[in-house]
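Okay, so the sequence shown: first residue is 3 according to our numbering, each after it adds one.
Cβ atoms here follow ideal geometry from the backbone N, Cα and C, with glycine treated the same way.
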Amino acid sequence: MSRLWRTKSIEQSIADTDEPGRRLRRDLTAWDLTVFGVAVVVGAGIFTLAASTAGDLSGPAVTLSFVIAAIACGLAALCYAEFASTVPVAGSAYTFAYASFGEFLAWILGWDLVLEFSLAAAVVAKGWSTYLQQAVGHLGADIHTTVDVGGVALDWGSILIVAALTVLLATGTKLSAHVSMVITAIKVAVVLLVVVVGAAYINAANYTPFVPPSTPAPEERANVESSLLAYVLGDVGTQYGWYGVLAGASIVFFAFIGFDVVATTAEETRRPQRDLPRGILGSLVIVTVLYLATSLVITGMAGYEELKTQPDGTRATLATAFSALGVDWAAAVIAFGALAGLTTVVMVMMLGQTRVLFAMSRDRLLPASWSKTGRHGTPVRATIGVGVFVALLAGVFPAARLEEMVNVGTLFAFVLVSGGVLVLRRTRPDLPRGFRAPGVPFVPILAIVACVWLMVNLTVLTWLRFLAWMALGVLIYLAYGYRHSKLGRSVSLCGQWQTERMPALRSRTSTHGRTMAGARALWRATGMTDDDFGKPIVAIANSYTQFVPGHVHLKDLGEIVAESISEAGGVSKEFHTIAVDDGIAMGHAGMLYSLPSREIIADSVEYMVNAHCADALVCISNCDKITPGMLLAAMRLNIPTVFVSGGPMEAGRTVSVDGVVTRRLDLIDAMVASADEGVSDDELASVERSACPTCGSCSGMFTANSMNCLTEAIGLALPGNGSVLATHSARRDLFRRAGEVVVDLARRYYDGDDESVLPRRIADRHAFDNAMSLDVAMGGSTNTVLHLLAAAREGGVDFSVEDIDAISRRVPCLAKIAPNSPDYYMEDVHRAGGIPAIMGELHRAGLLHSDVGSIHSASLDEWLTEWDIRSGGASQAALELFHAAPGGVRTTQPFSTDNRWSSLDTDAESGCIRAADHAYSADGGLAVLSGNLAPDGCVVKTAGVPEENLVFAGPARVFESQESAVAGILDGTVTAGDVVVIRYEGPKGGPGMQEMLHPTSFLKGRKLGRACALITDGRFSGGTSGLSIGHISPEAAGGGVIALVADGDRIELDIPARTIRLCVSDDELDARRIEEEKRDRPYTPVDRDRTVSTALRAYAAMTTAASDGAYRRIP
């Protein structure tokens, strides 16, 4: 139970104001704050309480009642001013109590403020409704703001004002301040007019006796209706006399409620240390002067007995005195002034309540969603919730005697705030204080005494109701707040020893113990506080860059993950990696850096995570080598990890090329068209402008999307990761859930020693088999072979090219997506159920291992039952997710569309995703070939090979670089029937193993796509299709047979037989090898002009063969 009294440090409270997605906009000035104070205070009190309290309790001495209440408020206001300038955070007294008395009393006080503000707003809203009826009556119309609805008296007037003010408050605090300023000016003018006019009607005789002699209280105010003090002393209580003056002070105290609301806007104040004390004290001084003047005028105009409450319950108001003297025009002015006055009271009371709820929600004592801010920097959900609650109270429930309930709650808050000043002066004398209350400790003590005295003069019934409300609050706290508390989930070191068990987090290395004081000092400089030490530190590896369309939208998405991590009880720290765009780097020396960047990315993630001892990892990836690089890092680090990608772009839309209308298109269409001499410059420009319409990874099953799908299949990403479009709002939920899941994984591992959540336990041999099966079934990029082999080696998984060959022989091709087919793109895969649908078809065909888990499901069966839309038991969440459709609007913004497919594609016979018994081919979309030209194997994407090209033979046309091959294709050197051989482009020979997308695209542009084959020790883009065979191993630079091929040699390719053969005798090959090794620099290109940088030479020195994944092997 020690958690009940844990305090939240000032530093933590201030740091929380910068929590992503929960930042309030700082717009308010000292003048705005003063106006808010006057706006909320000058309302119900001045228009009703002065007259009714004089008539029922105090007589002319009601002025003294106001003085006593003002003194109590003034003393408390000095304490509020010090606290607000020291802790400029939303929540007012709640936040102050958290810093000084601990969580339990903070909750009690927060719950108390909910009572104060909600009931006050409801009471005043009902008063507004009454004045609306009167004001309209003065205009000659007769309306009734209460109507009977099914036997319930519904006050539509109060509902109307609350609804309007809810919209206003949600729109922005600064706008609310402007509206408040105008209305406040009107009502203050009305009050001043009333004071000036009323002074002319003062009869000095009405002030005598100033303190009427006490008389027994009416029978209805005996027992529980008497004051607590009178009840305890055994007195029946009195009207008038000094008891009456004190009781009156307890009542008119309601008129001063409001300056504490100013403190709730601390977080929205531009210069809170200076402006908050000015706003609090300035507004209190102004309204005190107005109240004293008004009370003197009203009791001078009418005898106090004329101001008594009538037998029917009608209470005297400011207008009563004027009506009694026949000054009806003044009564009309007062009605309109009250209408204006009460408007701002309701508004500012609601503002105060939303900020208290906001603060409690941010501390997770209430649901976290209530503290999310909208685009105007206001807590929209909390504001709407408050509006609904207040409207319900005001519109449906009677409001009798609720002023006293409000008073006891406010006085209780004042007592704790005043006491809190004493506590913090003693415990934290070092805190910078923009304002210091004078006369400490005497002023706070006097404030406490004055407030307690006013409290005991409230009725017993009020106390009973108050205690019942507090008891309800305690139950809610124990049921929800205690279990979800953000502070309660953390362990505070406070620079010494922890008070609760601290899980064995990796981050303990830099956050725990006396010797780590320096490290903690630096952590604090990043925004961490005492309360963060002991929470899991989650590294967010974001690959945002403006160079890559698949990453250009990732800049702010890390904040969504960070916000979710914080909500779940973790601490997020974001960093960025490099990201190379293969498409932009294509066709020039830039492509040499693409594959080596995979290792650089893996290293950078490892460096950042291990250097800072992070406990868990979220990888925000998307394009070609970024996802593989992060996957290698995850397997190395073996800490709880979640992948979430930026998502695929939408497919390009309709264009006409050479008279042929293309329904949809992508990057490859632009490359092909550029080599087609029949395409005009205008047509090419049209393709160029239409091919890549949005942010996201390229729209087909290229390398980026293949790898994002594979991280989903291997179990390290959430369902939908590979297929939800970058532009669809549904992807936002993936980022949010990533933060939740990674903290849950961290807890399971560090708190529960559950190693099943670690990457190497999730991505085991069976998971790699399943991922490769998916790759083969969907005709993924051949680059995935390299990346899965490398990731397996990083994770110690025995997985080889021979295993991939075996999988490719038994797993059928279930989907053909661009570039393998012009009919389907990633958006179609998603509509057909995404990766769970393909996995489901494979599972039903008995082609997957079932004994695998994931970051989100304990087993494959559990995953597919919930997320495979063809399983028959898919969840509603799955059905909603896969309805996400493209927006069809050019944009670089994520989550920019909410479009939905009208129906899902569940056609297993001829749809985008087919069942195994309706497969495109019995074997898969990828194949591993071997033979004398590639003893260690090579790879072809069979899903992209036309059926007539599955067996092919022809003379070799040899090129020693990609550049020379491109020149040969474009100048006509390459002719139909040739087998284009591009060598010295392997991992060592390039170095860097370039992609040959330009040569394959230009072959298609020259109408040779089906007439030629292309083989290389380099690799291919995921956008490649056609008879293109890559990864020939050993490579030319490694002494492979491909280095010995000569122009005209016959090469035979047989994909069904999985063979690749150079039709040259062994003797001839031996002779060629002898000649090759006589050269000064054997196994190097003869005449290639290429600059190889230090970075590339370093890669070449350590890289392995493509058949091993081209990963870095350290000598």
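Tell me the residue span of the alpha helix (DSSP H) that contains residue i.
i	result
L906	That residue, L906, is in no alpha helix (DSSP H); it is neither H nor E in DSSP.
C81	64-88
A519	519-527
H1000	999-1007
A470	462-478
The beta strand (DSSP E) spanning residue i covers which residue range?
i	result
D150	148-151
P937	936-942
R1052	1052-1056
A1015	1015-1018
V930	929-933
Sort the options by Cα distance to residue i and report the nearest one.
i	options	result
D907	T893, A945, S877, A834	A834
A334	K374, L524, A251, Q135	Q135
F258	N612, G741, L633, C453	C453
S228	M457, P824, T380, F954	M457
W869	M841, W33, A323	M841
R733	S647, R749, M703, D777	S647
C75	S912, G104, F255	F255
G1012	G979, S852, M588, K1080	The question names Gly, yet the displayed sequence has Arg at residue 1012. That would be G979, whose Cα lies nearest to the Cα of R1012.
E601	I586, A613, A581	A581
A393	A361, M351, C615	M351
D150	G836, D144, W158	W158
Please report the distance separating the alpha-carbon of residue i from that of residue j.
i	j	result
I447	V554	59 Å
R8	P443	24 Å
A415	A122	15 Å
G754	K488	20 Å
Y1113	S758	26 Å
G1020	G1032	6 Å
L359	N409	20 Å
L1010	T977	8 Å
Y751	V744	11 Å
L597	S566	33 Å
A693	D683	15 Å
M504	L736	Low confidence applies to M504: its pLDDT is 38, below 50, so where it sits in the model is not reliable, and the reading given next is rough at best. Distance between the alpha carbons of M504 and L736: 30 Å.
S216	A63	12 Å
G874	Y826	24 Å
G243	R276	42 Å
A332	T168	31 Å
K818	T1093	39 Å
L883	S904	13 Å
W499	A543	Caution is warranted here: a pLDDT of 28 is assigned to W499, below 50, making its placement in the model unreliable, and the coordinate value is therefore given only provisionally. Roughly 31 Å separates the two Cα atoms.
A402	V125	Unreliable placement is indicated for A402, whose pLDDT of 46 sits below 50; the coordinate value is still reported in the next sentence. The alpha-carbon atoms of A402 and V125 are separated by roughly 8 Å.
I253	T88	31 Å
S492	V540	Interpretation of S492 is limited by its pLDDT of 47, a score under 50 that renders its predicted location unreliable; the figure taken from the coordinates is listed afterwards. Taking the straight line joining both Cα atoms gives about 14 Å.
Quick one: what's got a C-beta closer than 6 Å to residue i's C-beta in the same chain, skipping five residues either side?
i	result
S1027	P821, N822, G946
S494	At S494 the pLDDT is 32, less than 50, meaning the model places this residue with poor confidence; the figure from the coordinates comes in the next sentence. Result list for S494: D532, D533, in chain order.
I188	A342
L80	A439, V445
P993	L1098, Y1101, A1102
Who are the near neighbours of residue i in its chain, counting only those whose CB is closer than 8 Å to its CB and skipping five residues on each side?
i	result
T1061	L931, S932, G933, E1054, L1055
A83	L278, P279, I282, L283, F437, A439
D1089	E962
Please go through the same chain and pick out, in chain order, the residues whose beta-carbon is closer than 7 Å to the beta-carbon of residue i, but skip the five residues on each side of it.
i	result
D1110	L791
C496	Summary for C496: the model assigns pLDDT 30, below 50, so the residue's position carries little reliability; its value from the coordinates is reported in the next sentence. Result list for C496: D532, in chain order.
E222	At E222 the pLDDT is 49, less than 50, meaning the model places this residue with poor confidence and gives no usable figure here.
F68	V254, Y293, L294, S297
**Item:** beta strand (DSSP E) runs contained entirely in the region 547-589, provided each spans 3 or more residues
**Value:** 573-578
**Asked** At which residue ranges does the region 944-987 contain complete alpha helix (DSSP H) runs of 4 or more residues, listed in the order of the chain?
**Response** Secondary structure in the region 944-987: the alpha helix (DSSP H) runs of 4 residues or longer, each lying completely within the stretch, are 964-972 in chain order.
**Inside the region 672-732 only - alpha helix (DSSP H) runs reaching at least 4 residues** = Within the region 672-732, the complete alpha helix (DSSP H) segments at least 4 residues long are 683-693, 705-716, listed from N- to C-terminus.
**Request:** Entirely within the region 611-670 and at least 3 residues each: give me those beta strand (DSSP E) ranges in chain order.
**Result:** 618-623, 643-647, 657-659, 662-664
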